[in-house]
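Q: For the sequence shown, counting from 1, position 110 maps to 110 in the UniProt record's numbering; every step adds exactly one.
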Amino acid sequence: MDQRTYNQYCATARTLDLVGERWTLLLVRELLTGPKRFGDLRKSLRGLGTGLLAARMKHLEREGLAHKVTLPPPARTPAYALTEAGRELGPAVLALARWGTKWAMGGRREGEAFHPGWAVLAMEAFFDPDAAAGVRAVYEFRVGDEVFHVRVADGAVDADHGPAHQPDAVVETTEDVFADLADGRSSLADRIASGDATASGDRGALRLLGTLFRRPRPASRHRQDA
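(1) Taking the Cβ atom as the reference point for each residue, do G201 and V177 lie within a distance shorter than 7 Å?
(2) One question on the structure: do A66 and Y80 come within less than 7 Å of each other, judged by their Cβ atoms?
(3) On a CA-only basis, which of F141, T101, R215 and R46 is nearest D128? Give me that one, please.
(4) Identify whether H161 lies in helix, strand or coil by the three-state DSSP scheme.
(5) Who are the Cβ neighbours of A85 in its own chain at under 8 Å, not counting the five residues just before and after it?
(6) Is DSSP giving A137 helix, strand or coil here?
(7) Tell me whether E88 sits in a helix, a strand or coil according to DSSP, three-state version.
(8) Which of the three DSSP states is assigned to T70 in this structure?
(9) I need the straight-line Cα distance from L188 to A197, nearest angstrom please.
The following block contains the structure:
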């Protein structure tokens, strides 16, 4: 597959030469939270055919943004992971998430896929380090079949897939309810009160949870500036 280029001596254009093709940045998004098997990527990105997925991964490998690894025991299966260059795309992907939440999201459209695991990066994108100053807590989220956790340590955040080791608080709910929470249509406290979600663990940590992440307020792209 020939690689298209903007043919411009510009850092932005050169970067888009590498990651501007359809699906490429979403593959980077998936790998930012850790190595993934080919099947994991195909499952997360419905609509991306097997052939195109293989081509995109070959492109990322060829350009030094991803490489093949073997998952540790007990899996011991081949997977893909980001290189140092690929991982340094993380802040750009998080910035796009923040921009999109404010200017592009709106409500969930009919037929749109949603994976609770995508919230792993959203937690990092919306994290408020000032609100987390002096806070040390580990939160585990169990959403449908997916489990991920967030570790907050004095103004820093680390979000990852899988269960936490000795979490301070655990939140459990369904995928649909979590989608509403992610969209800002309801609060965790309201969903707990209605029985649509459960929370256990340290009450102080649970009270702080709602203050640690600041979701950008949606705005219209078509509003005329005064």
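Where a beta carbon is used, it is the ideal one built from N, C-alpha and C, also for glycine.
A: Judging by the given coordinates:
(1) Counting from one through the sequence shown, the residue named residue 201 turns up at place 201. Counting from one through the sequence shown, the residue named residue 177 turns up at place 177. Taking C-beta atoms as the reference points, G201 and V177 fail to come closer than 7 Å.
(2) Translated into the one-based positions of the sequence shown, residue 66 becomes position 66. Translated into the one-based positions of the sequence shown, residue 80 becomes position 80. Contact: yes.
(3) As a working note, residue 128 is residue 128 in the sequence shown. Just measuring C-alpha positions, the residue of F141, T101, R215 and R46 sitting nearest D128 is R215.
(4) Counting from one through the sequence shown, the residue named residue 161 turns up at place 161. H161 falls in the strand class under three-state DSSP.
(5) As a working note, residue 85 is residue 85 in the sequence shown. Taken in chain order, the residues that qualify are G64 and L65.
(6) Residue 137 sits at position 137 when you count from the first residue of the sequence shown. Collapsing the DSSP output to three states places A137 in a strand.
(7) Here residue 88 corresponds to residue number 88 of the sequence shown, with the count starting at 1. Correct three-state label for E88: coil.
(8) As a first step, residue 70 must be located in the sequence shown, where it is residue number 70. Reduced to three states, the DSSP call for T70 is strand.
(9) Start at 1 with the first residue of the sequence shown, and residue 188 comes out as number 188. Start at 1 with the first residue of the sequence shown, and residue 197 comes out as number 197. So the alpha carbons of these two residues sit roughly 7 Å apart.
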